[in-house]
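First the structure, in the form of structure tokens, and then the observations on it.
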Amino acid sequence: MNINDYILLVSAIIVVIGWFVNSYLNRRHEISKRRTDHRIDTLKNYISFYIEAQKTKSLDGFNDIQVSFYLYGYNDEIELIEKITNLITTQPKNPQWLILMTDLNILIRNKLRTEIGLPKVKKS
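Structural data, given as structure tokens:
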């Protein structure tokens, strides 16, 4: 084998490695995009639910929101959802759940704005 054969072999190996690396990085990017899409849908659904709950003082649809947060939420969001759930199940007449929902709404609003690249709102 002469030098040209070695150059050709090394070039082919580099191309194959490049394909694998590119495939791996593209897969990670696609998974990240899907995760972000599901997360943003969860946050938007919660905001719609929150607005409706404020108007009607009803928790219709809360179970769907709760499941979505268990799937796509961060720990601090899940903790607030669990506090709301415990409060509703133990003391259904206690209006404290509205205050916890407002806290969760502020947290969600700031995280949603961060995830879509907007600055946080200073006013709560």
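Throughout the sequence shown, residue numbering follows the working numbering, covering 316 to 439 in sequence. Note that the Cβ used here is the ideal one computed from N, Cα and C, for glycine as well. Please read all numbers here as calculations on a predicted model, not as lab measurements.
Counting only runs of at least 4 residues, the segment 362–408 fully encloses the following alpha helix (DSSP H) elements, listed from N- to C-terminal order: 377–387, 390–405.
DSSP, reduced to helix, strand and coil, places Lys-435 outside both helices and strands of the structure shown, so it counts as coil.
For Met-316, the three-state secondary structure derived from DSSP is coil. Fewer than three Cβ pairs drawn from the segment 346–366 and the segment 401–410 lie within less than 8 Å of each other, which leaves the two stretches out of contact. In this structure, the straight-line span from the alpha carbon of Leu-419 to that of Phe-384 is close to 11 Å. Distances from the CA of Asp-391 to each of Ser-363, Lys-426, Lys-437, Phe-364 were compared; the closest alpha carbon is that of Lys-426.
Of all alpha-carbon atoms in Val-330, Asn-317, Glu-397, the one lying nearest the alpha-carbon of Met-416 is that of Glu-397. Scanning its chain for C-beta atoms nearer than 7 Å, with the 5 sequence neighbours on each side dropped, one finds around Gln-381 the residues Ile-396, Thr-400, in chain order. With respect to Tyr-361, Ile-423 sits close: the two C-beta atoms are nearer than 7 Å.
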